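S.K.:
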Amino acid sequence: MKTKNQRRILGLSLSALLSLNVLTAKAEQASSSIQIYAGLEPVMTFECTAINFGVYQVARGDRGISEPTRASLSKANASSQAAIAFTKGNNNKIALSNKPEYGQPQAGTCTVRSSQVRNGSLYITRDPVDSTAMAFSEGSNPFASGLALAKTKANGIEGYATVPTTVTTNSDGDGVFTIVGELDIPNNLTADNYGSYKAPALTITVSETQP
Amino acid sequence: MIMRRLMALMLAATSLHSMSLLAADSGCEGVFISAVYPLNLGVLQLRQGDTGWVFIDGTGASTSSDLVSQAANRPVSAGMIRVRAPEKSTLTLGLEVIDSGSENLGTKAFKINSLHVYGANNVKVRQLVPGRFEITLPESVSGLPADRPDTQYREVSTDLHIGIEASLTGVSQPIETHYSVDVSCLAITQLSR
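Protein sequence lines correspond, in order, to chains A and B.
1 is the number of the first residue of the first sequence in the working numbering; add one for each residue after it.
1 is the number of the first residue of the second sequence in the working numbering; add one for each residue after it.
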């Protein structure tokens, strides 16, 4: 009798093991694959250097002129040195200083890198949007070492920036353009008018699509 | 006497085996995993040579370091998998990143640092080690599955979201990269039937 019960128990145990094997066969679906996608692209960068009109030696008082002397900053090409020419008013009693500590006039150089527009054109906008005069004020001039701030702003000292409207890119999406400008130096300067000046910031924006 | 001992051992072994099914069976019986949505990081922008990171959470929200930005109008989403398993069970899921091989051009610029799993409110998720997560499922609110009348378990089905943290290095040309992640059930612990 005991042997019969033991056989039944053994039979039940074997049944349990067999049913476990059936369950194990379903484990093949306990995994899956999920996909990960990502794109990377270079972001366009844009930097501009400052414009430096230079330092001028100017006679005090009446220089005998009826309109401000205009110093025009130009640059023939990206690799050339910027040049100054007096294009308006009388250039008597005024000269560009050549002291080494006063940096030479420099056009602004703007560099675009990694644009998605390759061998094409980018659009340039400026703020202020037109070329109205930039009213200079007394301020530190990083190009003129040792030149103190002007104590009083000279009336009529103004600047103009000339900004192109497009820039051409190469096959890497890189491009360079130059900002030049003009500086008007008024008559009847006083001792307090001599010194360092700066213009308010001009904001330049480059876009890959037409604004 | 010898027969009794043998039977006792047999029963003990059978009992242990049955317990292992209930308590910690590594076969993941009754566990079904399916992919629902891919994880999409969109298009990430950064300057050539710069480095940064991006993090996508379970809602698909993107956070990135200062030098990284997301391209506009490109979809970003967390991944999603659906898990069906016995109620009140605790699963150990393993996530293994499989490199897509020759199609994957961005391996140097894009590096997966970690993957993250997010569950619904009634699902507990705990990271055991990087790439391994413990998922504790709730009690089923429905009866036995109608499509599988032979099953012994009440099941729950839940969606798990997959997030990611990756480091990036700026490239000179746009690239697209693609990985597969194998999601596997490594073990199941069922507290009660």
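Even glycine gets a Cβ: it sits at the ideal position worked out from N, Cα and C.
The structure displayed is predicted, hence computed values, not measured ones.
Examine chain B for any beta-carbon lying closer than 8 Å to the beta-carbon of T45 (chain A), and answer yes or no.
M.R.: In the first sequence, the residue the question calls residue 45 (chain A) occupies position 45. Output row for T45 (chain A): interface = yes.
S.K.: Report the neighbours of T177 (chain B) on chain A: residues whose CB is nearer than 9 Å to its CB, in chain order.
M.R.: Indexing the second sequence from 1 puts residue 177 (chain B) at position 177. Per Cβ cutoff of 9 Å: I36, Y37, A38, G39 and L40.
S.K.: Do we get a CB-CB distance below 8 Å when we pair L41 (chain B) with the residues of chain A?
M.R.: Residue numbering aside, residue 41 (chain B) sits at position 41 when the second sequence is read from its first letter. It does: the Cβ of L41 (chain B) has a partner Cβ on chain A nearer than 8 Å.
S.K.: Along chain B, in chain order, which residues have C-beta atoms closer than 7 Å to that of A71 (chain A)?
M.R.: Residue mapping note: residue 71 (chain A) aligns to position 71 of the first sequence, counting from 1. Result: empty, since nearest Cβ-Cβ is about 37 Å, beyond 7 Å.
S.K.: How far does the beta strand (DSSP E) with M80 (chain B) in it extend, from its first residue to its last?
M.R.: Stepping through the second sequence from its first residue, residue 80 (chain B) is reached at position 80. Counting along the chain, the beta strand (DSSP E) containing M80 (chain B) begins and ends at G79 to P86.
S.K.: Only counting runs of 4 or more residues, tell me where the alpha helix (DSSP H) segments fall wholly within the segment 110 to 155 of chain A, in order along the chain.
M.R.: Taking only runs of at least 4 residues, no alpha helix (DSSP H) segment lies wholly in the segment 110 to 155 of chain A.
S.K.: Opposite Y194 (chain A) in the DSSP bridges: which residues?
M.R.: Position 194 of the first sequence, counted from the first residue, corresponds to residue 194 (chain A). Paired residue(s): none; Y194 (chain A) is not in a bridge.
S.K.: Return the CA-CA distance between A30 (chain A) and C185 (chain B), expressed in angstroms with no decimal places.
M.R.: The count along the first sequence starts at 1 and reaches residue 30 (chain A) at position 30. The count along the second sequence starts at 1 and reaches residue 185 (chain B) at position 185. Taking the straight line from one Cα to the other gives about 5 Å.
S.K.: Let me check one thing: in DSSP terms, what residues is I112 (chain B) bridge-paired to?
M.R.: The count along the second sequence starts at 1 and reaches residue 112 (chain B) at position 112. Answer is B:A166, bridged to I112 (chain B).
S.K.: Relative to the alpha-carbon of V129 (chain A), which residue among A:G39, A:T205, A:Q210 and A:S33 has its alpha-carbon at the smallest distance?
M.R.: Indexing the first sequence from 1 puts residue 129 (chain A) at position 129. The option with the nearest alpha carbon to V129 (chain A) is A:T205.
S.K.: Can you tell me the Cα-Cα spacing of L128 (chain B) and V43 (chain A), whole angstroms?
M.R.: Counting from 1 along the second sequence, the entry for residue 128 (chain B) is found at position 128. Counting from 1 along the first sequence, the entry for residue 43 (chain A) is found at position 43. When rounded, the distance between both Cα atoms is 38 Å.
S.K.: Using 8 Å as the limit for Cβ to Cβ distance, is V117 (chain B) near chain A?
M.R.: For the purposes of this step, residue 117 (chain B) is taken as residue 117 along the second sequence, with counting starting at 1. It does not; no Cβ of chain A falls within 8 Å.
S.K.: Does DSSP put L67 (chain B) in a helix, a strand or coil?
M.R.: Mapped onto the second sequence, residue 67 (chain B) falls at position 67. L67 (chain B) falls in the coil class under three-state DSSP.
S.K.: Note down, in chain order, all residues in the segment 45 to 76 of chain B with a beta-carbon under 8 Å from any beta-carbon belonging to chain A.
M.R.: Hits within the stretch, in order: Q45, L46, R47, Q48, S69, A71 and R74.
S.K.: Quick one: grab the DSSP three-state call for N91 (chain A).
M.R.: The residue given as residue 91 (chain A) occupies position 91 in the first sequence. DSSP places N91 (chain A) in coil when its eight states are reduced to three.
S.K.: From A:F86, A:A78 and A:D127, pick the residue whose C-alpha is nearest to that of F177 (chain A); which is it?
M.R.: Along the first sequence, read from residue 1 onward, the residue named residue 177 (chain A) stands at position 177. That would be A:A78, whose Cα lies nearest to the Cα of F177 (chain A).
S.K.: Per DSSP, what are the beta-bridge partners of F46 (chain A) in this structure?
M.R.: Here residue 46 (chain A) refers to the residue found at position 46 when the first sequence is read from its first residue. According to DSSP, F46 (chain A) bridges with A:V112.
S.K.: Helix, strand or coil: which one does DSSP assign to F55 (chain B)?
M.R.: Translated into the one-based positions of the second sequence, residue 55 (chain B) becomes position 55. F55 (chain B): strand per DSSP, three-state reduction.
S.K.: Assuming A85 (chain A) contacts S74 (chain A) (C-beta within less than 8 Å), just tell me the rounded distance between them.
M.R.: Position 85 of the first sequence, counted from the start, is the residue given in the question as residue 85 (chain A). Position 74 of the first sequence, counted from the start, is the residue given in the question as residue 74 (chain A). With a Cβ gap of about 7 Å, A85 (chain A) and S74 (chain A) count as contacting.
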